[in-house]
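Student: With positions in the sequence shown counted from 1, the corresponding number in this note's numbering is that position plus 66. Just dropping this structure here.
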Amino acid sequence: MTERIVSFVMSGGVGSRLWPLSREDNPKQFHDLSGDGSMLAKTLRRLTARLEGETPIFLIAAERHADRVHADLAGLDLAGGGPLFEPTGRNTAAAVALATLRTLSEFGDSLMLVVPSDHEISTPRQFWQSVEAGTEAAREGGLVVFGIKPTQPETGYGYIEVAAESGGTFDVSRFVEKPDLATAQSYLKAGNFYWNTGIFLFRASTMRDAFIAFQPDIWQATEAAYKAATSDLSGLYMPLELYAAIPSNSIDYAIMERTKDIAMVPAGFRWNDLGSWQSLLDVGPADDRGNVIIGDVVAIDCENSYIRSDGRLLSAIGMKDIAIVSTSDATFVAPVSHSQHVKKIVEQLEKSGRLETRFTPAHDRVIESGAWRRRVHHWLFHETLPLWSTSGVDERHGGFHEALGLDASPLMKPKRMRTMARQVYAFAVARARGWDGPADRLISHGIAFMAGKGRTDKGGWVRTLNVDGSVADATEDAYDHSCVLLALAHAHMSGNPDALRLGEETFAFLDAHLEDSRMTGFLETSDGKGERRSNPHMHLLEAFLAWHQATGERAHLRRAARIIDLFRSHFFDPESWTLGEYFDAEWKPSTGEKGSWTEPGHHFEWASLLVDFAGRSGQAELSGFARKLYASATANGLNRATGLAYGAVSRQGLPLDLISRSWPQAEAVKAAIALDGSGGPDLKPEIEARVGRLFRWHIDPAPLGLWIDRIDERGRSLASDVPASIFYHLVCALTQYLDGTVEKG
67 MTERIVSFVM SGGVGSRLWP LSREDNPKQF HDLSGDGSML AKTLRRLTAR
117 LEGETPIFLI AAERHADRVH ADLAGLDLAG GGPLFEPTGR NTAAAVALAT
167 LRTLSEFGDS LMLVVPSDHE ISTPRQFWQS VEAGTEAARE GGLVVFGIKP
217 TQPETGYGYI EVAAESGGTF DVSRFVEKPD LATAQSYLKA GNFYWNTGIF
267 LFRASTMRDA FIAFQPDIWQ ATEAAYKAAT SDLSGLYMPL ELYAAIPSNS
317 IDYAIMERTK DIAMVPAGFR WNDLGSWQSL LDVGPADDRG NVIIGDVVAI
367 DCENSYIRSD GRLLSAIGMK DIAIVSTSDA TFVAPVSHSQ HVKKIVEQLE
417 KSGRLETRFT PAHDRVIESG AWRRRVHHWL FHETLPLWST SGVDERHGGF
467 HEALGLDASP LMKPKRMRTM ARQVYAFAVA RARGWDGPAD RLISHGIAFM
517 AGKGRTDKGG WVRTLNVDGS VADATEDAYD HSCVLLALAH AHMSGNPDAL
567 RLGEETFAFL DAHLEDSRMT GFLETSDGKG ERRSNPHMHL LEAFLAWHQA
617 TGERAHLRRA ARIIDLFRSH FFDPESWTLG EYFDAEWKPS TGEKGSWTEP
667 GHHFEWASLL VDFAGRSGQA ELSGFARKLY ASATANGLNR ATGLAYGAVS
717 RQGLPLDLIS RSWPQAEAVK AAIALDGSGG PDLKPEIEAR VGRLFRWHID
767 PAPLGLWIDR IDERGRSLAS DVPASIFYHL VCALTQYLDG TVEKG
């Protein structure tokens, strides 16, 4: 009986050489580039075409692409295989180690075939003939690779140099990275260089032994993640924290370039990695002048050009040897001989914070702008505002309740000044949006409680009050004062008679007791103790902008500009596009984990505020910083299982706090709304998707007018109560959504 071969398809990577079609959220393996299905689906069909012998087929893919993967798997018999989902990318060495562990645990020391998901091989019978030709060498403990005899000097492929031939296979002398043109020409002339297909065949024990010999840390970390994995009918899932701990390396560097016993089989199949627009021109259906034309295109007097439109009409005249690729939000133009260099464009776009490399505005995935309006309006004005304007108000002792139970009953918790202020702010925002509830009374009720019970002898505001209004913690905290100022600004705009005076008194206290004498921001507390944090400064920036809106006085913009200067000089890291949270007295990042701690929710908040300040001050370049913060948070700060922002991630993108709270999701909505009007791509589909996630996970599963504040990494509720401090995040984000979308019908 023919020996079993366990096949593994690696479906990672972004395929940036095919930008603007291939993007992080929709890489090239999911595209139909030749008219007969996605590259991934064709790869899977090719593996099922083995004529003899058992061939279980597994797929190693990103967990965030699970829906796309399942669509391509539909109707295929994987012979006992299935998807293995990576919670984060750790390069190909981790994927091969995972494949080896799966084979050893389920099929013993079988032969393994590892193939990329994004190569064009149009001759499945010849493909399997080539694989079968390598089985003897693999069975005897060799690592077998497959090489293509080059037909032209190609700079986009890696090469294999071979030596002696024995029994139909060649000994491999070395692997060579993608060469320059002169070097590629010399390889073609030498005759003993082959293109590297990236396809491997080996016995499971051979690869295990190679990892233990050369990369034991990768093997051990992958084994730990695999042993902790969970499985269901949809696939195998590994814990993010364990998989993220695997060192990132390619299988070529980790193993193939270090082991000696490697054999190459000259491939007898037609192969193209479709890694450039030139390669698509080579294999595509050409017209009589050598052009490949796809989509709504009018081409006159063009020759040997790849012209593709995935949206609007594209017209071209007199183009020769040119690639033109147009999507609904981006266009790429280059000589086809230079199309390998599109990665340079992608790198430049990412450096400038552009989102077109990450998100695909595909027609089948666009949600109509304003699709959530009816649900948002009803929840705001008929569910949550009526509840919090009654059950959330402490009519006996004054102020507002700090939290409600999931049965909407008040919880007798100490009342934080920031929460009291935020409730005032939320009701003022709702009033401005047309809420017909008792906003004026609630604003006055809150301010009377705050001013009557919560002032200090120096004219500041206490941190916490007991339920009855007595002082629990008299600390004068910058964070609380920022919330008070924000509330008073909006109360003033609502016509409250006391707000302006109280605001002026609070600014006087701020200048006298919370301003850093070195003119580097503000102190955490009036006694000057505690580590420095960026978050209170962000909320002070928010308050200063609100007072500028309320009064038009440029003095408030000057205050805001000082915080913007701190952001530029200390808070923002230009290498990782992240925002630090904790600092020492000299504004250097704190030591240990705190120094690398970043919060996606704060990235979103800062993005909105930077766009706001840019509009008021004319400092347009700040919108670029905002886009970078948004891109960083969405690329590294989201749980791919739910699409929700984590509580915190490191500057390197490793999750530090796996809980997803409701407020970062609301701030993501605000950030997308702000960026949608700042000169970048059309984010309206993104806005709808973020509102949808907020309702899907946090609002719709909760009782009427409430929300689930805390959700674990698997999407399960951890909520035991509903904190009032979140109310203002939701009201502000959703009123902005209503203001920014068009009423339907």
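Think of the CB as a built atom: it goes at the ideal place given N, C-alpha and C, for glycine as much as any other residue. Source: prediction; values computed, not measured.
1. Rounded to the nearest angstrom, what separates H429 and K750 at their Cα positions?
2. What does M330 pair with, by DSSP beta-bridge criteria?
3. Measuring straight from C-alpha to C-alpha, what distance separates H668 and I739?
4. So what does Y261 bridge to, in DSSP terms?
5. Is M304 close to chain B, meaning its C-beta is less than 8 angstroms from at least one C-beta of that chain?
6. Based on DSSP bridge pairs, tell me the residues matched to G361.
7. If you count every other CB in all the chains shown that lies within 10 Å of the CB of Q218, and 16 or more means buried, which is it?
8. Between which two residues does the beta strand (DSSP E) carrying V72 extend?
9. Output the distance between the C-alpha atoms of A627 and H547, rounded to the nearest integer angstrom.
10. Decide if the segment 109-119 is in contact with the segment 155-167; the criterion is three or more beta carbon pairs, one per stretch, under 8 angstroms apart.
11. Taking all protein chains shown into account, decide if I284 is buried (16 or more other Cβ within 10 angstroms of its Cβ) or exposed.
12. Got a sec? Which residues, its chain only, sit under 7 angstroms from E120 by beta carbon, not counting five neighbours each side?
13. Under 8 angstroms by Cβ, that's how I've got F236 and V72 pegged, so tell me the actual separation to the nearest angstrom.
14. Do I765 and W445 have their CB atoms nearer than 8 angstroms?
15. Quick one, are the C-beta atoms of L804 and H443 less than 8 angstroms apart?
16. So, for A799: in the same chain, excluding its five sequence neighbours on each side, which residues have a beta-carbon less than 6 angstroms away from its beta-carbon?
17. Can you give, in chain order, each stretch of the beta strand (DSSP E) that sits fully within the segment 103-167 and has at least 3 residues?
18. When the distance is taken between beta carbons, is L531 closer than 8 angstroms to G520?
19. Where in the segment 396-480 do unbroken runs of the beta strand (DSSP E), each at least 3 residues long, occur, reported from the N-terminal end onward?
20. With a 10 Å radius around its C-beta and 16 neighbouring C-beta atoms as the bar for buried, classify L770 as buried or exposed.
21. Just the C-alpha distance for L164 and A352, rounded to the nearest angstrom, thanks.
22. Measure the Cβ-Cβ separation of S783 and I792 and say whether it is below 8 angstroms.
23. The alpha helix (DSSP H) with L568 in it runs from where to where?
24. With C-beta atoms as the reference, is I36 less than 8 angstroms away from V228?
25. Kindly indicate which three-state DSSP category T530 falls into: helix, strand or coil?
26. Here's a check: name, in chain order, each residue in its chain whose Cβ is nearer than 6 angstroms to the Cβ of Y223, leaving out the five neighbours to either side.
27. Return helix, strand or coil for A768, following the three-state DSSP convention.
28. Going by the beta-carbon positions, is the gap between F447 and G458 smaller than 8 angstroms?
29. Looking at the secondary structure, which residues open and close the alpha helix (DSSP H) in which I390 lies?
30. Look at the alpha carbon of A609 and the alpha carbon of G148, and state the distance between them as a whole number of angstroms.
31. Skipping 5 residues on each side, what residues in its chain have a beta carbon closer than 6 angstroms to that of N338?
32. Mark G811 as exposed unless 16 or more other C-beta atoms lie within 10 angstroms of its C-beta, in which case mark it buried.
33. Would you list the one or two residues that DSSP bridges to N92?
34. In whole angstroms, give me the CA-to-CA distance for P767 and W438.
35. Taking the CB atoms as reference points, tell me whether V399 and W85 lie closer together than 8 angstroms.
36. Quick one: any contact between the segment 79-95 and the segment 386-399, if contact means 3 or more CB pairs under 8 angstroms?
Tutor: Looking at the atomic coordinates:
1. Note that H429 scores 47 on pLDDT, short of 50, meaning its location in the model is unreliable; the coordinates nonetheless yield the value given after this. Taking the straight line joining both Cα atoms gives about 13 angstroms.
2. Its beta-bridge partners are V211, F236.
3. Rounded to whole angstroms, the gap between the alpha carbons of H668 and I739 is 16 angstroms.
4. In the sequence on display, residue 261 carries Trp and not Tyr. DSSP lists I214, Y225 as partners of W261.
5. Checking the listed chains, one finds no chain B in this structure; it contains a single protein chain.
6. In DSSP, G361 forms a bridge with S375.
7. Around the beta carbon of Q218, a 10 Å sphere encloses fewer than 16 other beta carbons of the protein chains shown; the residue is thus reported as exposed.
8. Judged by DSSP secondary structure, V72 falls within the beta strand (DSSP E) whose first and last residues are 71-77.
9. Computed Cα separation, rounded: 18 angstroms.
10. They do not touch, by the three-pair rule.
11. Burial is judged here by how many other beta carbons sit within 10 angstroms of a residue's own beta carbon; I284 has at least 16 and is buried.
12. Answer for E120: R70, A145, listed in chain order.
13. Going by Cβ atoms, the distance from F236 to V72 rounds to 25 angstroms, so no, they are not a contact pair.
14. The Cβ-Cβ distance between I765 and W445 falls below 8 angstroms.
15. Yes.
16. These residues qualify, in order along the chain: A732, V735, K736.
17. Assignment of beta strand (DSSP E) within the segment 103-167, counting only whole runs of 3 or more residues, yields 123-128, 148-152 in chain order.
18. Yes, the pair counts as a contact, with Cβ atoms nearer than the cut-off.
19. As far as the segment 396-480 is concerned, its whole beta strand (DSSP E) runs of at least 3 residues are 397-401.
20. L770 comes out exposed.
21. If I take the Cα positions, the gap works out to 41 angstroms.
22. Cβ distance not < 8 angstroms, so S783 and I792 don't count as in contact.
23. Note, L568: alpha helix (DSSP H), 565-575.
24. Outside the shown range of the chain (67 to 811) lies residue 36, about which nothing can therefore be said.
25. Looking at T530 - three-state DSSP - the assignment turns out to be strand.
26. The residues are W261.
27. Three-state result, A768: coil.
28. No. Outside cutoff.
29. Judged by DSSP secondary structure, I390 falls outside any alpha helix (DSSP H) and instead within the beta strand (DSSP E) spanning 388-392.
30. Using only the alpha carbons, I get a separation of about 53 angstroms.
31. Result list for N338: E186, S345, V349, in chain order.
32. Caution is warranted here: a pLDDT of 35 is assigned to G811, below 50, making its placement in the model unreliable, and the coordinate value is therefore given only provisionally. Residue environment analysis places G811 among the exposed positions, since fewer than 16 neighbouring C-beta atoms fall within 10 angstroms of its C-beta.
33. For N92, which the question treats as bridged, DSSP gives the partners R89.
34. Looking at the two C-alpha atoms, the distance is approximately 16 angstroms.
35. Contact: no.
36. Below 8 angstroms, enough C-beta pairs join the segment 79-95 and the segment 386-399 to call them touching: three or more.
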